[in-house]
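In the working numbering, the protein residues as written are 1 to 223.
Cβ coordinates follow ideal geometry from the N, Cα and C atoms, glycine included.
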DNA sequence: CTCCGGTCCT
DNA sequence: AGGACCGGAG
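Below you can see the structure in the form of structure tokens.
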């Protein structure tokens, strides 16, 4: 159970505002960052699991070209998919991608479902992929309780993160409170970019951090 | 050489 | 709840 420190509505408001503003100025353009409710938008979230965005770009473009429709993917061979994502490592994901393509084509007519529970029943789709598909590609508000969110909130609100923190009810509640009601998409993109560029796992870039003055971790270690 | 990261299967 | 998975960055 996490115990956030200094969790006041003022700090929450400042956090949202600063992150949104930072995100607006530092948005990374990536080929899958669109609002298409397409199976490509869901597949790419599997490629992004435990994998850096830059690394995914070529594999994603090739995969999209090779399998332009869910039908093409559903009828593909496992070897074809393995070959395309080989450079990303973790090649067991090829199996998930094939099964996912088949389910989407045969059971959903080519379009992924639009609620969290249904999405998470799909192969390879967990809390991260479901939240990303809904909020980033479908304009449906959802939290993305991934490593970035855990790390950033953990630092700002001074709680220690463990492997199970992502499933912690108090943490999920905090994610829900922090994620804006309206600009959730902009916010989620901001968190992803911020976690990658500023609030990095090791040696966070305090010098360019716009929220260090409300960050428990920074205040404690550098003030 | 060590750390990092989502989901599934035991 | 704990391990397996794999390549890249620090």
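- Around the beta carbon of residue 121, fewer than 16 other beta carbons sit within 10 angstroms, so the residue counts as exposed.
- Judged by DSSP secondary structure, residue 44 falls within the alpha helix (DSSP H) whose first and last residues are 39–47.
- Around the beta carbon of residue 149, 16 or more other beta carbons lie within 10 angstroms, which makes this residue buried.
- The three-state secondary structure of residue 70, taken from DSSP, is helix.
- Taking 8 angstroms as the cut-off, the beta carbon of residue 194 is found no closer than this to the beta carbon of residue 143.
- Taking 4 residues as the minimum length, the alpha helix (DSSP H) runs contained wholly in the stretch 95–170 are 116–121, 127–132, 147–156, in order along the chain.
- The shortest C-alpha to C-alpha distance from residue 162 to any of 147, 176, 156, 175 is the one to 147.
- Less than 8 angstroms separates the beta-carbon of residue 116 from that of residue 130.
- The beta-carbon distance between residue 70 and residue 101, rounded to whole angstroms, is 6 angstroms. This is short enough to meet the 8 angstroms contact definition.
- For residue 190, the enclosing alpha helix (DSSP H) has its first and last residue at 184–197.
- Per DSSP, the unbroken alpha helix (DSSP H) holding residue 17 starts and ends at 9–26.
- Excluding the 5 residues flanking it on each side, residue 50 has same chain C-beta neighbours closer than 8 angstroms at 90, in chain order.
- The beta carbon of residue 31 is closer than 7 angstroms to those of 57, 60, 61 in its chain, skipping five residues each way along the sequence.
- Residue environment: residue 174 is assigned as buried (16 or more neighbouring CB atoms within 10 Å of its CB, all protein chains considered).
- Rounded to the nearest angstrom, the Cβ distance from residue 14 to residue 214 is 6 angstroms, consistent with a contact under 8 angstroms.
- For residue 1, no alpha helix (DSSP H) segment is defined, and its DSSP state is neither H nor E.
- Taking C-alpha positions only, residue 92 is separated from residue 9 by approximately 43 angstroms.
- Approximately 13 angstroms separates the beta-carbon atoms of residue 206 and residue 216; this is outside 8 angstroms, ruling out the contact.
- In this structure residue 124 is not in contact with residue 7, their Cβ atoms being roughly 34 angstroms apart against a cut-off of 8 angstroms.
- Just so you know, the alpha carbons of residue 38 and residue 85 end up roughly 19 angstroms apart.
- In the three-state reduction of the DSSP assignment, residue 93 falls in the helix class.
- In the structure shown, residue 53 falls within a helical segment according to DSSP collapsed to helix, strand and coil.
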